[in-house]
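A.B. asks: One structure, as structure tokens, below. Some questions next.
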Amino acid sequence: MLHRVLKRGAALLSAGAACLLAQASHAQEYPSRPIRLVVPSAAGGSPDTVMRLVAQEAGKRLGQTLVVENKPGSSGIAGMLDVYRAAPDGYTLGYANNVTLAINRSTFSQLPYDPQKLTPVIFVLKVANVLAVNPDMPVKTLPEFVEYVRQHPDKVTFASPGQGTSGHLTGEMLAQASTLRMIHVPYRGSPAATTDVIGGQVDAIFDNTISITPYIRSGKLRALASTGLARSPQFPDLPTVAEGVLPGFEGVAWGGIVAPPGTPAAIVDRLNRCFNEVLADPAVRDRLVALGNDEIVGGAPQALADYAEKETVKWAAVVRAAKLPVQ
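Just so you know, the sequence shown maps onto residues 2 to 328 in the numbering used here.
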């Protein structure tokens, strides 16, 4: 009897070892064909531009092409669902951001994918939002803006690129933290929102530095504050909300790369090392910052998962306090 038990145990150990060896062998051979990188937004936008640069550089190091596939759809759901359902073999990756990993969990009652089950690969970047106003508005600093809104409750309007975007929720968070009563005006994207603020139809806007920088530099909008913890490299003289009014305030867009649930650790390790090399390259970092990204992050896969959980809790509280509709 004991002999049979020992024999079975040895067989199980042998099978387990064989499985681990097979996984290790697969990881050593990986990648042996092109890799899909799904971007859940339209071609030409900032996530697409960033991921094409990162994909090109990663492909050189991996010896295989990373093919960027754009899959736009409501709140990034179509693209994330594609990644979520793909085989966990390392040949499908996805760009996931603050909306798809955090905000969607509060603004949708049910998602067709589970953000917590996606496999984190690397935290890529952060992009601050900027509070900017029409130049005719009689405020030049964030404290002046806060005081003006307090003196005109339910009169001051602020635009964002859309309901549930980081720009929208950053505006709501500032209003809640400063006990301000502003009216949100959602748009379908940054261009329309910016146009109406420049034209005077809306007083202010919260939008990311990538989208809003040209209008600030041309004088069409007046920047009052950025919303990262540190000052934006795009506007080193512009105070942050954290230093101007609310210590610890952070309302940024961010993104990273994920893989399908169950992707083997050895493959994730290989990809993480490769992407870290790309993000550490000074030439790549300079190009990413020139595109408007404020912080190039990198690091271990878990850093992305941990930040997503922290952001989920933060934005859930903002959504509840603002009584935003849940889809």
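Every residue gets a Cβ at the ideal spot worked out from N, C-alpha and C, and that includes glycine. The model shown is predicted, which means the values in this text are computed figures rather than measured ones.
For residue 244, does the three-state DSSP call read helix, strand or coil?
C.D. replies: helix
A.B. asks: By Cβ distance below 7 angstroms, which residues in the same chain neighbour residue 221 in space, the five residues on each side in sequence not counted?
C.D. replies: 199
A.B. asks: Output the distance between the C-alpha atoms of residue 258 and residue 164, rounded to the nearest integer angstrom.
C.D. replies: 24 angstroms
A.B. asks: Between which two residues does the beta strand (DSSP E) holding residue 278 run?
C.D. replies: Element bounds for residue 278: not the beta strand (DSSP E) but the alpha helix (DSSP H), 266-281.
A.B. asks: Name, in chain order, the residues that DSSP records as bridge partners for residue 297.
C.D. replies: 126
A.B. asks: Have a look at residue 325 and residue 162 and give me their C-alpha separation to the nearest angstrom.
C.D. replies: 16 angstroms
A.B. asks: Taking only the alpha-carbon atoms, compute the straight-line gap between residue 22 and residue 92 and give it to the nearest angstrom.
C.D. replies: Annotation note: pLDDT 47 at residue 22 (below 50); position unreliable, coordinate value reported separately. Straight-line Cα distance between these residues: approximately 20 angstroms.
A.B. asks: Between the region 262-269 and the region 95-110, are three or more C-beta pairs nearer than 8 angstroms?
C.D. replies: In short, these stretches do not touch, since the Cβ pair count stays below three.
A.B. asks: With DSSP collapsed to three states, give me the class of residue 140.
C.D. replies: coil
A.B. asks: Apply the 10 Å Cβ neighbour rule to residue 237 and answer buried if 16 or more other Cβ atoms are within range, or exposed otherwise.
C.D. replies: Sixteen is the threshold: since fewer than 16 other Cβ atoms of the shown chains lie within 10 Å of the Cβ of residue 237, the residue is exposed.
A.B. asks: Residues in its own chain within less than 7 angstroms of residue 31 by CB, not counting five upstream and five downstream?
C.D. replies: 91, 268, 271
A.B. asks: Please tell me whether residue 172 and residue 207 are closer than 7 angstroms, where the distance is taken between their beta carbons.
C.D. replies: A contact, by the Cβ cut-off of 7 angstroms.
A.B. asks: Could you give the first and the last residue of the continuous alpha helix (DSSP H) run that contains residue 308?
C.D. replies: 302-323
A.B. asks: Starting from residue 157 and walking both ways along the alpha helix (DSSP H), at which residues does that stretch end?
C.D. replies: Run containing residue 157: none; DSSP gives neither H nor E here.
A.B. asks: Hey, does residue 33 have any beta-carbon neighbour from chain C nearer than 7 angstroms?
C.D. replies: The displayed structure is made up of one protein chain only, and chain C is not part of it.
A.B. asks: Could you check the C-alpha separation between residue 205 and residue 297 for me, to the nearest Å?
C.D. replies: 28 angstroms
A.B. asks: What is the rounded straight-line gap between the Cα of residue 153 and the Cα of residue 242?
C.D. replies: 20 angstroms
A.B. asks: For residue 87, collect the residues of the same chain with a Cβ closer than 7 angstroms to its Cβ; drop the 5 residues on either side in sequence, then sort them by chain order.
C.D. replies: Excluding positions up to five away in sequence, the list reads 93, 261.
A.B. asks: Rounded to whole angstroms, how far is the Cβ of residue 128 from the Cβ of residue 211, which I believe are closer than 8 angstroms?
C.D. replies: 6 angstroms
A.B. asks: For the region 206-231, list the alpha helix (DSSP H) runs that are entirely contained and at least 4 residues long, ordered along the chain.
C.D. replies: When DSSP assignments are scanned along the region 206-231, the uninterrupted stretches of alpha helix (DSSP H) that are 4 or more residues long and fall wholly within it turn out to be 210-218.
A.B. asks: Check for me: the beta strand (DSSP E) holding residue 257 runs from which residue to which?
C.D. replies: Segment 253-260, the beta strand (DSSP E) holding residue 257.
A.B. asks: Could you say which of 38, 117, 95, 53 lies nearest to residue 103 if we only look at CA atoms?
C.D. replies: 117
A.B. asks: Where does residue 188 fall in DSSP's three states?
C.D. replies: Here residue 188 sits in coil by DSSP.
A.B. asks: How about the region 66-79 and the region 35-48: do they share at least three Cβ pairs that are nearer than 8 angstroms?
C.D. replies: Yes, the region 66-79 touches the region 35-48.
A.B. asks: Which residue from 78, 134, 169, 233 puts its Cα closest to that of residue 201?
C.D. replies: 134
A.B. asks: Look at the alpha carbon of residue 45 and the alpha carbon of residue 319, and state the distance between them as a whole number of angstroms.
C.D. replies: 30 angstroms
A.B. asks: Check residue 161 in the structure and name its three-state DSSP category.
C.D. replies: strand
A.B. asks: Could you pull the start and end residues of the beta strand (DSSP E) that residue 95 belongs to?
C.D. replies: 93-98
A.B. asks: Whole angstroms are fine: how far does the CA of residue 175 sit from the CA of residue 150?
C.D. replies: 12 angstroms
A.B. asks: Can you look up residue 195 in the DSSP assignment and give me helix, strand or coil?
C.D. replies: DSSP, reduced to helix, strand and coil, places residue 195 within a helical segment of the structure shown.
A.B. asks: Going by DSSP, which residues form a beta bridge with residue 70?
C.D. replies: 39
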